[in-house]
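Q: Before we start, here is the structure in question, set down as structure tokens.
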Amino acid sequence: MITGVPVQYFLILATLMFFAGIYGFLTRRNLITMLMAVELILNSVNINFMAFNRFLYPHKMEGMFFSLFVIAVAASEAAVAIAIIINIYRRFATINVENVNEMKF
Amino acid sequence: MVNFGYTIWILLLPFLMFLLLGLAGHKLKPKLSGLLGTTGLGIITFLSYLAAYQYFFTSEKVDGAFQKITAFNGVWLKLTENLHIDLGILLDPISVMMLIVVTTVSFMVHIYSLGYMKGEKGFERFFAFLSLFSFSMLGLVVATNIFQMYIFWELVGVSSYLLIGFYYTKPSAVRASKKAFIVTRFADMGFLIGILILSFNTKTFDFVTLTSLTGPAITYTGGVAFMGLSVMTWSMILVYMGGVGKSAMFPFHIWLPDAMEGPTPVSALIHAATMVVAGVYLVARMFPIYAFAAPEALEVVAYVGAFSSLLAAIIACTQTDIKRVLAYSTMSQIGYMMMALGVSGYGGHNGLGFMASMFHLFTHAMFKALLFLGAGAIIHAVHSNHMTEMGGLRKYLPITHITFLIACLTIAGIPPLSGFFSKDEILTAALHHNKLLFAVEYAVAGITAFYMFRLYFSVFWGSDRHYHHTPHEAPATMTVPLIILAIGSVFSGLIPFNELVTSDSMGFEAHLEMAVAIPSVLIGLLGIGLAFIMYKKETAIPDRLATTFKYSYRWAYNKFYVDEVYLFVTKNIIFRYISAPIAWFDRHIVDGTMNGIAFVTQLASFRIRRFQSGQLQKYGFVFITGAIMLAILFIYLWK
Numbered sequence: 003m004i005t006g007v008p009v010q011y012f013l014i015l016a017t018l019m020f021f022a023g024i025y026g027f028l029t030r031r032n033l034i035t036m037l038m039a040v041e042l043i044l045n046s047v048n049i050n051f052m053a054f055n056r057f058l059y060p061h062k063m064e065g066m067f068f069s070l071f072v073i074a075v076a077a078s079e080a081a082v083a084i085a086i087i088i089n090i091y092r093r094f095a096t097i098n099v100e101n102v103n104e105m106k107f
Numbered sequence: 009m010v011n012f013g014y015t016i017w018i019l020l021l022p023f024l025m026f027l028l029l030g031l032a033g034h035k036l037k038p039k040l041s042g043l044l045g046t047t048g049l050g051i052i053t054f055l056s057y058l059a060a061y062q063y064f065f066t067s068e069k070v071d072g073a074f075q076k077i078t079a080f081n082g083v084w085l086k087l088t089e090n091l092h093i094d095l096g097i098l099l100d101p102i103s104v105m106m107l108i109v110v111t112t113v114s115f116m117v118h119i120y121s122l123g124y125m126k127g128e129k130g131f132e133r134f135f136a137f138l139s140l141f142s143f144s145m146l147g148l149v150v151a152t153n154i155f156q157m158y159i160f161w162e163l164v165g166v167s168s169y170l171l172i173g174f175y176y177t178k179p180s181a182v183r184a185s186k187k188a189f190i191v192t193r194f195a196d197m198g199f200l201i202g203i204l205i206l207s208f209n210t211k212t213f214d215f216v217t218l219t220s221l222t223g224p225a226i227t228y229t230g231g232v233a234f235m236g237l238s239v240m241t242w243s244m245i246l247v248y249m250g251g252v253g254k255s256a257m258f259p260f261h262i263w264l265p266d267a268m269e270g271p272t273p274v275s276a277l278i279h280a281a282t283m284v285v286a287g288v289y290l291v292a293r294m295f296p297i298y299a300f301a302a303p304e305a306l307e308v309v310a311y312v313g314a315f316s317s318l319l320a321a322i323i324a325c326t327q328t329d330i331k332r333v334l335a336y337s338t339m340s341q342i343g344y345m346m347m348a349l350g351v352s353g354y355g356g357h358n359g360l361g362f363m364a365s366m367f368h369l370f371t372h373a374m375f376k377a378l379l380f381l382g383a384g385a386i387i388h389a390v391h392s393n394h395m396t397e398m399g400g401l402r403k404y405l406p407i408t409h410i411t412f413l414i415a416c417l418t419i420a421g422i423p424p425l426s427g428f429f430s431k432d433e434i435l436t437a438a439l440h441h442n443k444l445l446f447a448v449e450y451a452v453a454g455i456t457a458f459y460m461f462r463l464y465f466s467v468f469w470g471s472d473r474h475y476h477h478t479p480h481e482a483p484a485t486m487t488v489p490l491i492i493l494a495i496g497s498v499f500s501g502l503i504p505f506n507e508l509v510t511s512d513s514m515g516f517e518a519h520l521e522m523a524v525a526i527p528s529v530l531i532g533l534l535g536i537g538l539a540f541i542m543y544k545k546e547t548a549i550p551d552r553l554a555t556t557f558k559y560s561y562r563w564a565y566n567k568f569y570v571d572e573v574y575l576f577v578t579k580n581i582i583f584r585y586i587s588a589p590i591a592w593f594d595r596h597i598v599d600g601t602m603n604g605i606a607f608v609t610q611l612a613s614f615r616i617r618r619f620q621s622g623q624l625q626k627y628g629f630v631f632i633t634g635a636i637m638l639a640i641l642f643i644y645l646w647k
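Same order as they appear, the protein sequences are chains A and B. If you read the first sequence in the numbering used here, its first letter stands for residue 3, the second for the next number, and so on. If you read the second sequence in the numbering used here, its first letter stands for residue 9, the second for the next number, and so on.
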């Protein structure tokens, strides 16, 4: 861990990443880009876990384990999401999310 | 002590047979399913005879009385410590006798149906229903408590409904089955209320407890008298109402003649020999309560029975449908049994009426089943129910002719056939009790002989009609039961009922009373003679009589317009002034409320469904906005 960097820096970075992810998720029309935005959100959370673990409980490792789990889940989620996107592409010949709107009233 | 545990199979076997034939019947060959049903019934007939033999001849008597044996008992619903509904088997003289009656007639009808129903659509369905009926009837007979009896009582009602409506493509059969079910169901409502009052006051359903002379029913003195009759009397009258419905007594007799729409073997089994005597059996089962705690109810039994027998006998003289004549004759004979119970006392020679009633039940089952099966053979031969289309059949149907003649002589009470003995005992019992009832029944004996021989002469004598093909004798499967039942009709009068089936289960001395026997034979012969003169050859006498007594003839021919009265009361009064307003309320108020709720829901959902646009990012936006709002709320505003 980098010594001398205060915790606020990590939190500011995580917040920026988080809202960048939210912004990307809400504004991008490409499903792949949306998936990438989701990854940004997850990783910002990981940074938070690591930072708090380091600064609040330096002798424990729960935060690290948690971020490991998040990474694992994110990986499998990406696999599933890409499979779904491929199927959507086959069905609609597009991955623009605005055209994938059949499930409605 | 004899072990009667095997009697459980008398109940289980027909039920299993019903399940087998009902569920897998369509996969079997019709002939096989018929044979299966018949074999099953043969086995339980054997078991019943075995049980009867062991019960009457090898089981121990206490103080010369047959004991009530509970062969099997399973507690089913335990309401309180004393009040529980069981399913079990109770053996006592009347139930064992009924086992014999039911299984014998049912077995004969099964064999007969193999021939009669051959080639009919739904052959295996027919046998499945017959098994269901046998099961229900046997369950009714051996019931250990009044509630079990009620359950099986309804079951026989259902199987009767199913069998009357066997030809369900025929509108008249459907109408008749509905009528039978609704009328008896209506009467059963009284039965149920009676059971509830009775068990509420005595805290038990159990027959052995109820009918014990020191039991809660007979020693019961509490309760408030209503219209001058005690609680016990009212409950017994209500219970009797169920019996009136099932046994087709006035005023609930209207379903029985219509029930003749069913196949003839069914009429023989259900509507002549077994189910319709359930009402008699019910009164006999509860007899000690009637005799000691509710004598007024017993009077009701006697008068209803006598009136019904007279009414039915008069109607029977004018009917032309062969099965309807027999139906009214059944009603009349059951009236006899009811009347005999009504005039009976309890114990020893006082219980003569009870014994006579059971005796007549037994002999009647034999000869009436024989008459119906004979009628079935006739219908089989000429393809018609109408006496006007029959005549001179004795040449073509020799076996049917002889057996039918035996049955007619039996019902007319000619010695030494069985009907003579049982009818004689009934008349004797009536004479000792009530002269009016005796006079009525005496007259009915004559009328009975007249209408039975009117039937006999116009079917078997007289000139030939135009038959589509020459009538031919029925196959052996149909004639053998006729012969067996004829033997039963002839000899069952020799069974010493006064030793076996009596009100207090103890034998007593009974002998023929010549003062009754001779006049009753004479009036029987008179009836036969009249029928001989009028119907042996086609004469103008019947028509002349009909025109002379135009109005009374028309009344009797139209069954005294009882059906029309019912129709008027239901259609013009109940339907119009009670059912129609209720239907209006149901349709507009109850349904209206429900429809209103549905309408509002639909309106609301129509408005809000636009939110579900299918746009993923719109959802995401709403979700995240909501999450942020909640975060702000919890962090800054929630203090």
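Note that beta-carbon positions come from the ideal geometry of N, C-alpha and C, so glycine has one too.
At 8 angstroms on the CB atoms, spell out the chain B contacts of A:L28, in chain order.
A: Within chain B, the residues near A:L28 are Q625, G628, F629 and I632.
Q: My understanding is that B:A453 touches B:L445, with C-beta atoms under 8 angstroms, so please give their C-beta distance in whole angstroms.
A: With 8 angstroms as the limit, B:A453 and B:L445 do not qualify as a contact, their Cβ atoms being about 13 angstroms apart.
Q: Any idea what DSSP makes of B:G82, helix, strand or coil?
A: In this structure, B:G82 counts as strand in the three-state DSSP scheme.
Q: So is B:H519 buried or exposed if we call it buried at 16+ other beta carbons inside 10 Å?
A: It is exposed - the Cβ of B:H519 has fewer than 16 other Cβ atoms within 10 Å.
Q: If we ignore side chains and look at the alpha-carbon of each, how far apart do B:Y475 and B:L58 end up?
A: C-alpha separation (whole angstroms): 46 angstroms.
Q: Can you tell me whether B:H441 is buried or exposed? The criterion is at least 16 other CB atoms within 10 Å of its CB, across all chains shown.
A: The residue is buried, with at least 16 neighbouring Cβ atoms inside 10 Å.
Q: Could you run through the stretch 613-624 of chain B and flag, in chain order, every residue whose CB is less than 8 angstroms away from some CB of chain A?
A: If the cut-off is 8 angstroms between Cβ atoms, the stretch 613-624 of chain B has R617, R618, Q620, S621, G622, Q623 and L624 near chain A.
Q: What span of residues does the alpha helix (DSSP H) with B:L455 cover, start to end?
A: It should be noted that the sequence gives Ile, not Leu, for residue 455 of chain B. Per DSSP, B:I455 belongs to the alpha helix (DSSP H) from K443 to F468.
Q: Cutting at 8 angstroms between CB atoms, please list the residues of its own chain near B:H92, excluding the five before and the five after it.
A: Here the set comprises V83, W84, L85, K86 and F213.
Q: Based on Cα-Cα distance, which residue from B:A588, B:F429 and B:L493 lies nearest to B:V648?
A: Here chain B comprises residues numbered 9 to 647, so residue 648 of chain B is not present and cannot be evaluated.
Q: Keeping to the same chain, check which residues put their C-beta closer than 7 angstroms to that of B:F505; ignore five residues upstream and five downstream.
A: Here the set comprises M363, M366 and F367.
Q: Tell me whether B:G42 sits in a helix, a strand or coil according to DSSP, three-state version.
A: Of the three classes helix, strand and coil, the one that applies to B:G42 here is helix, per DSSP.
Q: What did DSSP end up calling B:N506 once you bin it into helix, strand or coil?
A: B:N506 falls in the helix class under three-state DSSP.
Q: Would you mind telling me which residues of chain B sit closer than 7 angstroms to A:E41, beta carbon to beta carbon, in chain order?
A: Near A:E41 there are no residues of chain B at all, since even the closest Cβ is about 15 angstroms away, more than 7 angstroms.
Q: Is the CB of A:F107 under 8 angstroms away from at least one CB in chain B?
A: It does; some Cβ of chain B falls within 8 angstroms.
Q: Please work out which residues of its chain come closer than 6 angstroms, Cβ to Cβ, to B:A320, disregarding the five sequence neighbours upstream and downstream, and give them in chain order.
A: Within the same chain, B:A320 has close Cβ partners Y336, M339 and S340.
Q: Give the range of the beta strand (DSSP E) segment to which B:G253 is assigned.
A: No beta strand (DSSP E) holds B:G253; the alpha helix (DSSP H) holding it covers V239 to K254.
Q: If you reduce the DSSP assignment to three classes, tell me which class B:L221 lands in.
A: In this structure, B:L221 counts as coil in the three-state DSSP scheme.
Q: Does any residue of chain B bring its CB to less than 8 angstroms from the CB of A:E79?
A: Output row for A:E79: interface = no.
Q: Where does B:H477 sit, in a helix, a strand or coil, going by DSSP?
A: Of the three classes helix, strand and coil, the one that applies to B:H477 here is coil, per DSSP.
Q: Between B:A389, B:P265, B:M235 and B:Y644, which has its C-alpha nearest B:S403's C-alpha?
A: For the sequence presented, residue 403 of chain B should be read as Lys rather than Ser. Of the candidates B:A389, B:P265, B:M235 and B:Y644, the one whose C-alpha sits nearest the C-alpha of B:K403 is B:A389.
Q: Which residues, taken in chain order from the stretch 9-29 of chain A, show a beta carbon closer than 9 angstroms to some beta carbon of chain B?
A: Listed in sequence order: I24, F27, L28 and T29.
Q: Applying a beta-carbon distance threshold of less than 9 angstroms, which residues of chain B neighbour A:E104?
A: The contacting residues are G622.
Q: Could you tell me the alpha carbon to alpha carbon distance between A:E104 and A:R30, rounded to whole angstroms?
A: The alpha-carbon atoms of A:E104 and A:R30 are separated by roughly 19 angstroms.
Q: Take B:S167 and list the residues in its own chain whose beta-carbon comes closer than 7 angstroms to its own, dropping the five residues that flank it on each side.
A: Hits under 7 angstroms: F137, L140, F141 and S144.
Q: Might you give, ordered along the chain, the residues of its own chain that have their beta carbon closer than 8 angstroms to the beta carbon of B:K431, omitting 5 neighbours on each side?
A: So the list reads Y344, H368, G421, A453 and S528, once near-sequence residues are dropped.
Q: Determine, for A:V47, whether the minimum Cβ-Cβ distance to residues of chain B falls below 8 angstroms.
A: No, its Cβ sits nowhere closer than 8 angstroms to a Cβ of chain B.
Q: Identify every run of the beta strand (DSSP E) within the stretch 324-350 of chain B, keeping only runs that are complete inside it and at least 3 residues long; order them along the chain.
A: Taking only runs of at least 3 residues, no beta strand (DSSP E) segment lies wholly in the stretch 324-350 of chain B.
Q: When the cut-off is 8 angstroms and only beta carbons count, does A:V7 lie next to chain B?
A: So, not an interface residue.
Q: If you follow the beta strand (DSSP E) that B:L641 is in, where does it begin and where does it stop?
A: Segment: none, B:L641 is in no beta strand (DSSP E) and carries neither H nor E.
Q: Residue range of the beta strand (DSSP E) that B:I97 falls in?
A: H92 to L99 is the extent of the beta strand (DSSP E) around B:I97.
Q: Which residues share a DSSP beta bridge with B:K69?
A: B:K69 pairs with B:F74.
Q: Can B:I18 and B:S67 be called in contact, C-beta distance under 8 angstroms?
A: No.
Q: Rounded to whole angstroms, what's the CA-CA distance from B:A299 to B:G202? Just pull it up for me.
A: Distance between the alpha carbons of B:A299 and B:G202: 17 angstroms.
Q: Look at the alpha carbon of B:F65 and the alpha carbon of B:L508, and state the distance between them as a whole number of angstroms.
A: Cα to Cα, B:F65 sits roughly 10 angstroms from B:L508.
Q: Any heavy atom of the ligand FMN inside 7 angstroms of the beta-carbon of B:I322?
A: Questions concerning the ligand FMN fall outside what the structure shown contains, since it holds no ligand whatsoever.
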